[in-house]
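These protein sequence lines map, in sequence, to chains A and B.
Per this note's numbering, residue 111 is the first one in the first sequence, and the count goes up by one each step.
Per this note's numbering, residue 215 is the first one in the second sequence, and the count goes up by one each step.
Step one of this worksheet: look at the structure below.
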Amino acid sequence: MNESNLLLSTFMQRRASLLRYFAARVGEAEAEDLVQETWLRVASQPAVGEVRNPAAYLYRLCGNVMLDRLRQERSRAARDAEWRRVNRTLVANGEEVCEDVPADNALIARDRLRRIRAALDDLPAPVRRTFRLHKFEGLSHSEVAAELGVSRSLVEKHMMRALKHLIARVGR
Amino acid sequence: MTPTVYSDAMRDEAVAWFVRLQECDDETVWLEHQDWLEADPAHAAAYSAVERLWIESDDLPQLEAAEPAAEVIELSARRAARFGRYRYWLPAAAAAAMVGAVSLQFERGSGETYRTGADATRVVALADGSRIVLNRNTEVTVHLARNRRAAELASGEAAFDIRHEADRPFVVAAGGREIRVLGTEFDVLNDAGAFGVTVRRGLVAVSGTGGTAAARLPAGTALLRPPGARSDTVSRANPDDAFAWTHGQLVYADRPLDAVARDLARYGGGTVSVDPALRDIRVTGVIRIGDPATLDRQLEQLLPIRIERHNGQRAIVPARH
Numbered sequence: 111m112n113e114s115n116l117l118l119s120t121f122m123q124r125r126a127s128l129l130r131y132f133a134a135r136v137g138e139a140e141a142e143d144l145v146q147e148t149w150l151r152v153a154s155q156p157a158v159g160e161v162r163n164p165a166a167y168l169y170r171l172c173g174n175v176m177l178d179r180l181r182q183e184r185s186r187a188a189r190d191a192e193w194r195r196v197n198r199t200l201v202a203n204g205e206e207v208c209e210d211v212p213a214d215n216a217l218i219a220r221d222r223l224r225r226i227r228a229a230l231d232d233l234p235a236p237v238r239r240t241f242r243l244h245k246f247e248g249l250s251h252s253e254v255a256a257e258l259g260v261s262r263s264l265v266e267k268h269m270m271r272a273l274k275h276l277i278a279r280v281g282r
Numbered sequence: 215m216t217p218t219v220y221s222d223a224m225r226d227e228a229v230a231w232f233v234r235l236q237e238c239d240d241e242t243v244w245l246e247h248q249d250w251l252e253a254d255p256a257h258a259a260a261y262s263a264v265e266r267l268w269i270e271s272d273d274l275p276q277l278e279a280a281e282p283a284a285e286v287i288e289l290s291a292r293r294a295a296r297f298g299r300y301r302y303w304l305p306a307a308a309a310a311a312m313v314g315a316v317s318l319q320f321e322r323g324s325g326e327t328y329r330t331g332a333d334a335t336r337v338v339a340l341a342d343g344s345r346i347v348l349n350r351n352t353e354v355t356v357h358l359a360r361n362r363r364a365a366e367l368a369s370g371e372a373a374f375d376i377r378h379e380a381d382r383p384f385v386v387a388a389g390g391r392e393i394r395v396l397g398t399e400f401d402v403l404n405d406a407g408a409f410g411v412t413v414r415r416g417l418v419a420v421s422g423t424g425g426t427a428a429a430r431l432p433a434g435t436a437l438l439r440p441p442g443a444r445s446d447t448v449s450r451a452n453p454d455d456a457f458a459w460t461h462g463q464l465v466y467a468d469r470p471l472d473a474v475a476r477d478l479a480r481y482g483g484g485t486v487s488v489d490p491a492l493r494d495i496r497v498t499g500v501i502r503i504g505d506p507a508t509l510d511r512q513l514e515q516l517l518p519i520r521i522e523r524h525n526g527q528r529a530i531v532p533a534r535h
């Protein structure tokens, strides 16, 4: 059996568990859609290389589906804001129709980004460096570990420390 | 979801789960995570907050590209400390000065030069584990020093897959500009006045020229400067298209016919002109790289055009009806 068949059959076996995972994350109503999205990704995937644990691989795929869902929400919000900004001039009597001033959303996002950057600068250099290598240069935890000559568990500790600090500083 | 209140402790737990699960190959850990999520609805809210911050941070390289000023002041101190590597990215003036330094290094005659002709590409494996794929009609000189790695793309196009070394940045000089990289994969075009950089992985800094500022390109973006243009265009790009030639293909997604003509000239030699009536044609399609006649035939099948040949020069004209 090749890898993608293995993934598909594992998906079939674990379907209920994956549904339960999404239900715990976003509620039952949306969970089915996200399982479907995950299925599409498994089915449309070109032959993947070696998958050590297909079930864990599927869960990681679910995690990515969740992240991409958030990304889409963000870009949709940005598009809507842009649409309102452009269309506001069409209001005939000159009154502001939108309650929230859309430009504010972009400003707020920008401001939060600046705060994330500032918060990152608070951290000790090795923590900051670990975060950047992993987050922005796409190195895996083990690659970062090899790069910095430290253990993988220290990389995870640094990542946790960085994220805890960023969330505490920037808030939800 | 409706916002749910969660404690600081939950937030820390959520962070720990997020980091642990990122590269987790153990199903039992995922099942434990499921239990944690179901133990309290606030857990899911805390976990989502971590994800949201993670996604928000995606844009940090763009912010730093747009607002680098505050950081430049610390440059020398940071370099000495060898940390905070992103501060290495230089503003235009400083980067321009460094282009000179690169050229100087090459003038001393060190380094290895690799060339390809019109008929084949070539893969060069470097001693540091990096790889360079040379497109046809390309010349690259590589110099690996103890504290610095450099390559000069004299002409043509090359795809670089650079192994990350914190202490030895890799610098590519091309078209009077400098491309600074860490561990990353990107394509550089420096041909007949056209200059382009497409990044597949990592982050790349491209120095400015004359009046233009330096640009930082995250993965999935491309910087293009067509011949004769005065400024760069930076846009989202599918890196697979830019790298397609390494698999013997040319992939175009809504590209002007002029760009295709430049490729025809590059692969087939000679010059290729475009009839003014065809200037507005945009090309989307895949062409298999081969000898000039094969290239021409494929393009003629793809578009409402004909390619005429006179004395080694080719002209793209509208197809006869």
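Note that CB positions come from ideal geometry on N, CA and C, so glycine has one too.
So with Cβ pairs under 7 Å, would you call Glu399/B a contact of chain A? No, because no Cβ of chain A sits closer than 7 Å to the Cβ of Glu399/B.
Could you tell me which of Arg528/B, Gly526/B, Ile521/B, Gln527/B sits nearest to Arg534/B, measuring between CA atoms? Answer by Cα proximity: Ile521/B.
How should Gly526/B be labelled, buried or exposed, when 16 other C-beta atoms within 10 angstroms of its C-beta is the threshold for buried? So Gly526/B ends up on the exposed side.
Quick one: is Arg162/A buried, meaning 16 or more other Cβ sit within 10 Å of its Cβ, or exposed? Per the 10 Å Cβ criterion, exposed.
Using the Cβ count rule (16 or more neighbours within 10 Å means buried), how would you classify Glu326/B? Label assigned to Glu326/B: exposed.
For Ala388/B, which residues from the same chain have a beta carbon less than 6 Å from its beta carbon, with the 5 sequence-adjacent residues on both sides left out? If we look at Ala388/B and ignore the five residues flanking it on each side, its Cβ neighbours are Leu367, Val402, Asn404.
Following the continuous beta strand (DSSP E) through Ser262/B, name the residue where it begins and the one where it ends. For Ser262/B, no beta strand (DSSP E) segment is defined; the enclosing uninterrupted segment is the alpha helix (DSSP H) at 255 to 270.
With H, G and I counted as helix, E and B as strand and the rest as coil, what does DSSP make of His357/B? His357/B: strand per DSSP, three-state reduction.
Own chain, CB closer than 6 Å to Ala339/B, minus 5 neighbours either side, in chain order: Answer for Ala339/B: Arg345, listed in chain order.
Cα-Cα separation, Thr335/B to Phe121/A: Rounded to the nearest angstrom, the two C-alpha atoms are 41 Å apart.
Check whether the Cβ atoms of Ala429/B and Leu438/B lie closer than 7 Å to each other. Going by C-beta atoms, Ala429/B is not nearer than 7 Å to Leu438/B.
Mapping DSSP to helix, strand and coil, what is Asp401/B? It is a strand residue.
Between Ser271/B and chain A, is any beta-carbon pair separated by less than 7 Å? Output row for Ser271/B: interface = yes.
How would you call Ser221/B, buried or exposed, if buried means at least 16 neighbouring beta carbons within 10 angstroms? An exposed status is given to Ser221/B, since fewer than 16 other beta-carbon atoms sit within 10 Å of its beta-carbon.
Bridge partners of Tyr466/B, per DSSP? Answer is Gly499/B.
Is the CB-CB distance between Ala364/B and Leu348/B below 7 Å? No.
For Ile226/A, would you say it is in contact with chain B, using Cβ-to-Cβ distances shorter than 7 Å as the test? Closer than 7 Å: yes.
Put Gly484/B into one of helix, strand or coil per three-state DSSP. Gly484/B falls in the coil class under three-state DSSP.
Helix, strand or coil, according to DSSP, for Glu379/B in the structure here? Of the three classes helix, strand and coil, the one that applies to Glu379/B here is coil, per DSSP.
CB-CB under 8 Å to Ala291/B, same chain, minus the five flanking residues each way: which ones, in chain order? Any reading at Ala291/B needs caution, since the residue's pLDDT is 31, under 50, leaving its predicted position unreliable; the model's value is listed next. Within its own chain, no residue has a Cβ closer than 8 Å to the Cβ of Ala291/B once the five positions on either side in sequence are excluded.
Give a yes or no on whether 7 Å exceeds the smallest Cβ distance from Leu276/A to chain B. At least one chain B Cβ lies under 7 Å of Leu276/A.
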